[in-house]
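Numbering (my numbering), first residue to last: -9 to 314. Every residue, glycine too, gets a C-beta built ideally from N, C-alpha and C.
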């Protein structure tokens, strides 16, 4: 399915190019001025797609092997398997990847006659996951989840906090300030859906340098491993986590001191920091502002949180010694 669609629209543009606003719209004091200063164009505009996705769950040895609806979420079509895999992990619903036998597209043409709008999660026969408990934690609490809401299906923040893994080693890797800017620019350049629509969020995964690397900094494009997009900022991060989960879950040890960070096009709320913590991500770079609870959780989880990235300023909210 396409992540973008074309719709006919009417675009209003200023025909008065002598004012301070340039070619932007101006407020008119009279109907005559409005008609003379604003032109109307009939054009086709590219819009970011948003469609429902049903997530079904099946255990081969329970409930007669029948699948049951876990929840319905909204997302931009594409990377659906990565989205569901990342969401299952970042929500803490299925923290053990060994419990999952497969995540596949399936369906009976229940939504818009398109089977790609259904995902079936099949558990391993030896998994002791309680399907009824899983439904009570997500699907039965709220059967419809908005693409912009990351914690709607959770009963309480305490449930999320209890599931965040404890790290054996502190996050110590640093990043040069010019690399922060470079990573932000690299994300923008690789957001193809945003470039076409202006309505899609992006999340990019990058490798944090070891201390020795600071003497020979890389560009953001070289550090950026993967980029995922979605109309929902939480979905974009879940897609990124799900697509790179084996990489992220490798234990950080003295022998393997590699750390990862994410650069995100949006503001940062509590649940995005929680998702990063669940995936062992040690640094979050954001174009927008963090919330107070996001900052507090980042401090608690030893995550370096950076916001309001622009060429004029960079705000470092936690672990400020890690941006040099």
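- Here the alpha carbon of residue 38 sits roughly 12 angstroms from the alpha carbon of residue 68.
- Contact between the region 49 to 65 and the region 29 to 38 is absent: fewer than 3 CB-CB pairs across the two stretches fall below 8 angstroms.
- Residue 240 and residue 79 have their alpha carbons spaced roughly 14 angstroms apart.
- In this structure, the straight-line span from the alpha carbon of residue 299 to that of residue 165 is close to 14 angstroms.
- Taking residue 296 as the centre and dropping the five residues before and after it, the same chain places the C-beta of 170, 273, 274, 275, 276, 304, 305, 306, 307, 313 closer than 8 angstroms to its C-beta, in chain order.
- By the Cβ-count criterion, residue 231 is buried, with 16 or more other Cβ atoms from all chains shown falling within 10 Å of its own Cβ.
- The straight-line gap separating the alpha-carbon atoms of residue 51 and residue 269 is approximately 30 angstroms.
- Taking the C-beta atoms as reference points, residue 221 is found no nearer than 8 angstroms to residue 1.
- According to DSSP, residue pairing for residue 249 in a beta bridge involves 198.
- Annotation: the continuous alpha helix (DSSP H) that includes residue 265 extends over 260 to 268.
- Taking residue 191 as reference, the option from 262, 46, 107, 116 with the minimal CA-CA separation is 262.
- Straight-line spacing of the CA atoms in residue 252 and residue 49 works out to 33 angstroms.
- As DSSP reads the structure, residue 273 sits in a beta bridge with 251, 294.
- Here residue 286 carries a helix assignment [DSSP, helix/strand/coil].
- Annotated three-state conformation of residue 117 is coil, per DSSP.
- Within its own chain, the residues whose Cβ lies closer than 6 angstroms to the Cβ of residue 288, once the five positions on either side in sequence are excluded, are 263, 295, 308, listed in chain order.
- Here residue 283 has 260 as same chain residues with Cβ atoms under 6 angstroms from its own Cβ, once five neighbours each way along the sequence are excluded.
- Counted as a single uninterrupted DSSP element, the stretch harbouring residue 156 is not any beta strand (DSSP E), since DSSP gives it neither H nor E.
- With distances taken between CA atoms, residue 184 lies nearest to 218 out of 235, -3, 173, 218.
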